[in-house]
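Per the working numbering, the sequence shown starts with residue 50, numbered consecutively. What follows is a single structure, written as structure tokens, with notes after it.
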Amino acid sequence: MSRLPGRLVLLGHPVSHSLSPRFQNAALRAADIPLVYEALDVAPEALPATLAELGRQNASGNVTIPHKEAVAARCARRSALADRCGAVNTFWHESGVLVGDNTDVGGVDAIAHALLGDARRSARVALLGAGGSAAAVLAAVERWGSARVRLYNRNMERARALASRFDASVDVVASVDAALDAATLVVNATPIGLRDDAFPVEVERLPSGAAVFDLVYRTGETAWVRAARDAGHRSADGEGMLVEQGALSFERWFGIEPDRNAMWSALHN
Ligand code: NAP
Numbered sequence: 050m051s052r053l054p055g056r057l058v059l060l061g062h063p064v065s066h067s068l069s070p071r072f073q074n075a076a077l078r079a080a081d082i083p084l085v086y087e088a089l090d091v092a093p094e095a096l097p098a099t100l101a102e103l104g105r106q107n108a109s110g111n112v113t114i115p116h117k118e119a120v121a122a123r124c125a126r127r128s129a130l131a132d133r134c135g136a137v138n139t140f141w142h143e144s145g146v147l148v149g150d151n152t153d154v155g156g157v158d159a160i161a162h163a164l165l166g167d168a169r170r171s172a173r174v175a176l177l178g179a180g181g182s183a184a185a186v187l188a189a190v191e192r193w194g195s196a197r198v199r200l201y202n203r204n205m206e207r208a209r210a211l212a213s214r215f216d217a218s219v220d221v222v223a224s225v226d227a228a229l230d231a232a233t234l235v236v237n238a239t240p241i242g243l244r245d246d247a248f249p250v251e252v253e254r255l256p257s258g259a260a261v262f263d264l265v266y267r268t269g270e271t272a273w274v275r276a277a278r279d280a281g282h283r284s285a286d287g288e289g290m291l292v293e294q295g296a297l298s299f300e301r302w303f304g305i306e307p308d309r310n311a312m313w314s315a316l317h318n
């Protein structure tokens, strides 16, 4: 294992409900790594000073809303995926400089693989939302080969701006129904269903046989995922993506695979 970071942190605002410390600390214990993963609540105006201090401490960590783009802008080096997304969710220091990566993309890919296997490579994706997590979905899909995306967002300008950063496999459409047309994978990248049981799309409108991937996660799954599964759709909420992006971050920091079973147990026991 390479030299341990001086500190391991999650940067967010607010971070009070984050699940990451639970499963990251379980992974650290399982690997006998003498560090504690701390969630730091950092207001946007405090980010530059916090990053300077974390640099002095040779810290590594994760980044969540609303800091992913700001940290990307401050990295001396970024991975190709972080560049593609314009966002960093994983950082560390090398020779004193801040390095950023994006493991949300790998998290999306892992869940799509679990839902569709190799068929994801030719998936017809209905993507709802055009924010940071939608960018991670597009960065994953463009690596799948012949997959195509129909992107719907209530703010079409934002959808067009996002699509313009990706290749010709993304079509911006003007309605949810247009996005759903012939879709084999329906992805919710909006916060709909985060705080209540609202559905981004009524289950009856989902194309027959389409898989459902809700990036939102809640205790006991989101109501949409439960309803879609009851209607016969292969379905996953965002918890698997959350754990997988965290597992991939762990690999970046320590060069070893974490114990994913320990991470899952920490969430469910
Ligand atoms: P974001 O950058 O703020 O983007 C949110 C998107 O959702 C925007 O396109 C926005 O549309 C749309 N939206 C917001 N409220 C809406 C509503 N009531 N009806 C329709 N569209 C709405 O957020 P993000 O970072 O992409 O995250 C989106 C969600 O994904 C989060 O709430 C989180 O639960 C989930 N997430 C999960 C993971 C994971 O690991 N599982 C990782 C990241 C995010 P406008 O452009 O029109 O405002």
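Glycine residues also receive a C-beta, built at the ideal position from the N, C-alpha and C atoms.
- Just list the alpha helix (DSSP H) runs in the region 239 to 297, keeping only unbroken ones of 4 residues or longer that don't cross its boundaries, in chain order. 272 to 279
- Message: Quick check on the DSSP output: the alpha helix (DSSP H) that includes R197 runs from which residue to which?
- Response: Note, R197: premise wrong, no alpha helix (DSSP H); beta strand (DSSP E) at R197 to Y201.
- Report, in whole angstroms, the separation of the C-beta atoms of A210 and R133, which I expect to be a contact under 8 Å. 15 Å between Cβ atoms; not a contact.
- Query: Are there 16 or more other CB atoms within 10 angstroms of the CB of E253, so buried, or fewer, so exposed?
  - Reply: exposed
- Query: So L229 and L200 are in contact, right, with Cβ under 8 Å, and what is the actual spacing, rounded?
  - Reply: That belief does not hold up - the Cβ atoms of L229 and L200 are roughly 12 Å apart, past 8 Å.
- Query: Does the beta-carbon distance from V225 to L177 come in below 9 Å?
  - Reply: yes
- Classify T268 as buried or exposed, calling it buried when 16 or more other Cβ atoms lie within 10 Å of its own Cβ. exposed
- Message: Tell me the residue span of the beta strand (DSSP E) that contains D220.
- Response: V219 to V221
- Item | Start-to-end residues for the beta strand (DSSP E) that takes in E191 | Taken as a continuous stretch (DSSP letters only), E191 belongs to no beta strand (DSSP E), as it is neither H nor E.
- Query: Relative to the C-alpha of N202, which residue among A131, V146 and A179 is closest?
  - Reply: A179
- Can the beta-carbon of M312 be found closer than 9 Å to that of A76? yes
- Query: Where do the N-terminal and C-terminal ends of the beta strand (DSSP E) with D90 fall, by residue?
  - Reply: Y86 to D90
- For Q73 and D286, the rounded distance between their alpha carbons: 19 Å
- Message: Looking at the ligand NAP, does it come within less than 8 Å of M290, judged from the CB to the closest heavy atom?
- Response: yes
- Under the criterion of a Cβ to heavy atom distance below 8 Å, does S182 qualify as lining the ligand NAP? yes
- Leaving out five residues before and five after W273 in sequence, what residues of the same chain have Cβ atoms less than 6 Å from its Cβ? G242, F248 and D263
- Query: Alpha carbon to alpha carbon, what distance is there between G135 and V190?
  - Reply: 16 Å
- Message: If you follow the alpha helix (DSSP H) that R78 is in, where does it begin and where does it stop?
- Response: S69 to A79
- Less than 8 Å between the CB of N204 and some heavy atom of the ligand ZN, yes or no? Inclusion of the ligand ZN in the displayed structure is not the case, the ligand content consisting of the ligand NAP alone.
- Taking the Cβ atom as the reference point for each residue, do G149 and V137 lie within a distance shorter than 9 Å? yes
- Anyone know if the C-beta pair for L147 and R123 falls short of 9 Å? yes
- Message: I believe H62 touches P115 by the beta-carbon criterion, under 8 Å. Please report the beta-carbon distance rounded to the nearest angstrom.
- Response: 6 Å
- Query: When you compare only the Cα positions, how much space is there between V235 and R169?
  - Reply: 12 Å
- Task: State the Cα-Cα distance for the pair A260 and T233, rounded to the nearest angstrom.
- Result: 6 Å
- Message: Taking 8 Å as the cut-off, does the region 100 to 108 touch the region 51 to 61 (at least 3 CB pairs, one atom from each stretch)?
- Response: yes
- Message: Tell me whether V265, by its Cβ, gets closer than 8 Å to a heavy atom of the ligand NAP.
- Response: yes
- For H282, is the classification buried or exposed, using 16 other Cβ atoms within 10 angstroms of its Cβ as the cut-off for buried? buried
- Task: Consider the C-beta atom of A185 and the heavy atoms of the ligand NAP; say whether any pair is separated by less than 8 Å.
- Result: yes
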